[in-house]
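Undergrad:
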Amino acid sequence: MTFVVSKDNIVGEAGGGFKVAMKCFDKTRPTVGAMSLGLARRALDEASKYSIERKTMGKPIFLHQAVNFMLADMAMRYELAKLAVWRSCADYDEGRRNTYYASIGKLYGAIAANKNASDAVQVFGGNGFNKDYPVEKLMRDAKIF
Numbered sequence: 015m016t017f018v019v020s021k022d023n024i025v026g027e028a029g030g031g032f033k034v035a036m037k038c039f040d041k042t043r044p045t046v047g048a049m050s051l052g053l054a055r056r057a058l059d060e061a062s063k064y065s066i067e068r069k070t071m072g073k074p075i076f077l078h079q080a081v082n083f084m085l086a087d088m089a090m091r092y093e094l095a096k097l098a099v100w101r102s103c104a105d106y107d108e109g110r111r112n113t114y115y116a117s118i119g120k121l122y123g124a125i126a127a128n129k130n131a132s133d134a135v136q137v138f139g140g141n142g143f144n145k146d147y148p149v150e151k152l153m154r155d156a157k158i159f
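The opening residue of the sequence shown carries number 15 in the working numbering; numbering runs sequentially from there.
1. Ignore the nearest five residues each way along the sequence and tell me which others in Met84's own chain have a CB closer than 8 Å to its CB.
2. Please classify Thr70: does DSSP put it in a helix, a strand, or coil?
3. Does DSSP put Ala61 in a helix, a strand or coil?
4. With a cut-off of 8 Å on the beta carbons, I'd call Ser102 and Arg43 a contact; round off their distance for me.
5. Specify the secondary structure class of Pro148 as computed by DSSP and reduced to three states.
6. By DSSP, does Arg110 sit in helix, in strand, or in coil?
7. What residues in its chain sit with their C-beta under 8 Å from that of Leu94, if we drop five residues either side in the sequence?
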């Protein structure tokens, strides 16, 4: 498909639109990464709280090794994604090109949000699919990232 644009309507250099679009991503990727961080953190917080309240075999489920490992993995994913997003923001604030860390932060933030939401549903067990609990909605919302 080819478009003809008069010289009066060209913004910047002719043929430079791709570069402009890519620079735009340097601003928007950290924002999307930060949104996914919020969801990943909320999933971790909800799963942690529930694992303290819910008891099986006479003890809270967070004391069961499998649940404890899952919570640790959720925390690790959140923290790693946060480092990449924050680094991209710091680079941008300092006037440095942030494309590398912005891309990593957005991608890994989305991975962390989706996996943490999925793991939170697992921690909640059957209640994870119940609309009375928040992780059911987190699982649906994470798919946007």
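Glycine is no exception: its CB is placed at the ideal position from the N, C-alpha and C atoms.
TA: According to the structure shown:
1. Within the same chain, Met84 has close Cβ partners Ala61, Asp133, Gln136 and Val137.
2. It is a strand residue.
3. When DSSP states are grouped into helix, strand and coil, Ala61 belongs to the helix group.
4. Rounded, the Cβ-Cβ distance is 7 Å, consistent with contact.
5. Note: Pro148 maps to coil in three-state DSSP.
6. Of the three classes helix, strand and coil, the one that applies to Arg110 here is coil, per DSSP.
7. So the list reads Tyr122 and Ala126, once near-sequence residues are dropped.
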